[in-house]
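For reference, the structure is listed below as structure tokens.
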Amino acid sequence: MPRNISHTVTKEEEGRTILSLLRGVLGFSASQVRRMKENGGILLENTPAYTNQRVREGQVLLCRMEEERSSQNILPVPGPLCIRYEDNDLLVLDKPAGVPVHPSQGHFTDSLANFLAYEMEENRGIPFVFRGINRLDRNTSGLLTVAKHPHAQHLLSRQLHTGEFHREYQALVCGAVRPAEGTVDAPILDIPGVLRRVISPEGAPAVTHYETLEEGGPYALLRLWLETGRTHQIRLHMSHIGHPLAGDFLYGTELPLPCPGHALHSSCIRLRQPITGETIQVESPLPPFFSQLL
């Protein structure tokens, strides 16, 4: 969606080129700078400017980002949409289990991207391209961050695998985990053409931390947080230590659940706002069936 970002030149920045500010201070990628140049979206004191111009203290640099058209392969379709947080640069959505994030085979019109496209394009009249930052499996519920424009996407993607972008999950696992808290450090191998990942020394590094919050009946409720973000990481790591997620047929349990899939919920996201730099923390309550099973 369209976005204007302004920056007032400081005393320390005087004499630098506009390109230096765009790349080194504001964090624009080379492709974003090129796109703004082509669209006349770089202005100094409200006058179109060249990127090799040098700036003076107190001058205002304005960057205009335009969304030319919406995603062509995502149809706007009305559907359930829960927005937990929104500002000019990003949204944090709360996804129900069973809803895919992106359109896919058999789910061309019932994904979270379809529902968000409808909200933006039909309800708000804004061209919108879906730019998801973190990933969630179809049967995982909870928080998903979406960037509103390419610059926010670029900056948030750089944060994703650093301590600045913190993700926490809660999960119901089979059995009481011992020790009650700990770390699983086991590399994950993605085999081309195979859905199920495996633990292998040849895989990519993967580290999951966990602590037990509650135990009841055949299940334990865990809080988990990641140092890495591999596909199926929590599901595979919990199965690896003998405590697969409740309802996760892919990684080792046949116990049925009153929900569409495995019991994994993205419960908390903490990140640095890409433009203002402030810390944002968003939380999502557990689906009711979690407490019903404990």
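Going by the working numbering, the first residue of the sequence shown is number 380, and it counts up by one from there.
Beta carbons: idealized from backbone N, C-alpha and C, even for Gly.
What residue does the alpha helix (DSSP H) around residue i start on, and which one ends it?
| i | result |
| --- | --- |
| Arg-414 | 409-417 |
| Ala-531 | 529-538 |
If I follow the unbroken beta strand (DSSP E) through residue i, where does it start and stop?
| i | result |
| --- | --- |
| Ser-670 | From DSSP, Ser-670 is part of no beta strand (DSSP E) but of the alpha helix (DSSP H) over 667-672. |
| Arg-383 | In the sequence as presented, Arg is not what sits at residue 383; that position holds Asn. Start and end: 382-387. |
| Ala-428 | Note, Ala-428: premise wrong, no beta strand (DSSP E); not H, not E. |
| Lys-390 | Neither: Lys-390 is in no beta strand (DSSP E) and is coded neither H nor E. |
| Arg-602 | 598-605 |
| Ser-646 | 643-651 |
| Asp-473 | 469-474 |
| Ala-526 | 520-526 |
| Cys-442 | 439-444 |
| Arg-463 | 462-465 |
| Thr-562 | 560-564 |
Closer than 8 Å by C-beta to residue i: which residues in its own chain qualify, once you throw out the five before and the five after it? Chain order, please.
| i | result |
| --- | --- |
| Ala-583 | Pro-566, Ile-567, Leu-568, Asp-569, Thr-607, Arg-609 |
| Ile-384 | Leu-405, Leu-441, Cys-442, Met-444, His-530, Ile-654 |
| Ala-559 | Glu-590, Thr-591 |
| Leu-665 | Gln-549, His-644, Ser-646 |
| Glu-500 | Ser-449, Pro-455, Pro-506, Phe-507 |
| Glu-593 | Ala-599, Leu-600, Leu-673 |
| Asn-467 | Arg-382, Lys-527, Ile-654 |
| His-545 | Trp-604, Cys-647, Ile-648, Arg-649, Leu-650 |
| Ser-393 | The identity of residue 393 in the sequence shown is Glu, whereas the question assumes Ser. Around Glu-393: Val-434, Arg-435, Glu-436. |
What is the DSSP secondary structure of residue i, counted as helix, strand or coil?
| i | result |
| --- | --- |
| His-611 | coil |
| Ile-659 | strand |
| Tyr-497 | helix |
| Leu-691 | The structure shown does not extend to residue 691, since the chain is modelled only from 380 to 673, so the question has no answer here. |
| Leu-423 | strand |
| His-616 | helix |
| Arg-395 | coil |
| Val-404 | helix |
| Ala-583 | strand |
| Leu-574 | coil |
| Ala-555 | coil |
| Ala-625 | coil |
| Ala-492 | helix |
Count the other CB atoms within 10 Å of the CB of residue i; is the residue buried (16 or more) or exposed (fewer)?
| i | result |
| --- | --- |
| Val-412 | buried |
| Gln-484 | exposed |
| Gly-626 | buried |
| Leu-440 | buried |
| Pro-574 | Inspection of the sequence shows that residue 574 is occupied by Leu rather than by Pro. By the 10 Å Cβ count, Leu-574 comes out exposed. |
| Cys-442 | buried |
| Glu-547 | buried |
| Ser-645 | buried |
| Pro-482 | buried |
| Arg-433 | exposed |
| Gln-671 | exposed |
| Ile-397 | buried |
| Asn-493 | buried |
| Gln-612 | buried |
| Arg-503 | exposed |
| Arg-557 | exposed |
| Phe-669 | buried |
| Tyr-429 | exposed |
By Cβ distance, which residues of its chain are closer than 7 Å to residue i, with the 5 residues on each side in sequence left out?
| i | result |
| --- | --- |
| Pro-580 | Pro-566 |
| Glu-543 | Leu-650, Arg-651 |
| Val-552 | Tyr-598, Ala-599, Leu-601, Met-617, His-622, Pro-623, Leu-624, Ala-625 |
| Gly-561 | Tyr-589 |
| Asp-564 | Val-586 |
| Ile-462 | Leu-470, Leu-472 |
Among the residues of its own chain, which have a CB less than 6 Å from the CB of residue i, if the five just before and after it don't count?
| i | result |
| --- | --- |
| Pro-427 | Gly-419 |
| Glu-662 | Cys-647 |
| His-533 | Ser-408 |
| Gly-554 | His-622 |
Does the ligand HEM have a heavy atom nearer than 7 Å to the CB of residue i?
| i | result |
| --- | --- |
| Thr-610 | This structure lacks the ligand HEM, and indeed carries no ligand of any kind. |
Pair every Cβ in the segment 504-517 with every Cβ in the segment 533-548, then say whether three or more of these pairs are closer than 8 Å.
Yes: the two stretches touch, three or more of their Cβ pairs being nearer than 8 Å.
field: Segment contact, 8 Å Cβ cut-off, at least three pairs: the segment 466-478 with the segment 517-526
entry: Taking one beta carbon from each stretch, the segment 466-478 and the segment 517-526 have 3 or more pairs nearer than 8 Å; the two touch.
Quiz item: If we count Cβ pairs, one from each stretch, closer than 8 Å, do we get three or more for the segment 399-418 versus the segment 450-464?
Solution: Contact between the segment 399-418 and the segment 450-464 is absent: fewer than 3 CB-CB pairs across the two stretches fall below 8 Å.
Using a Cβ distance threshold of 8 Å, determine whether the segment 650-657 contacts the segment 615-626, with at least three qualifying pairs required. Contact between the segment 650-657 and the segment 615-626 is absent, because fewer than three Cβ pairs lie under 8 Å.
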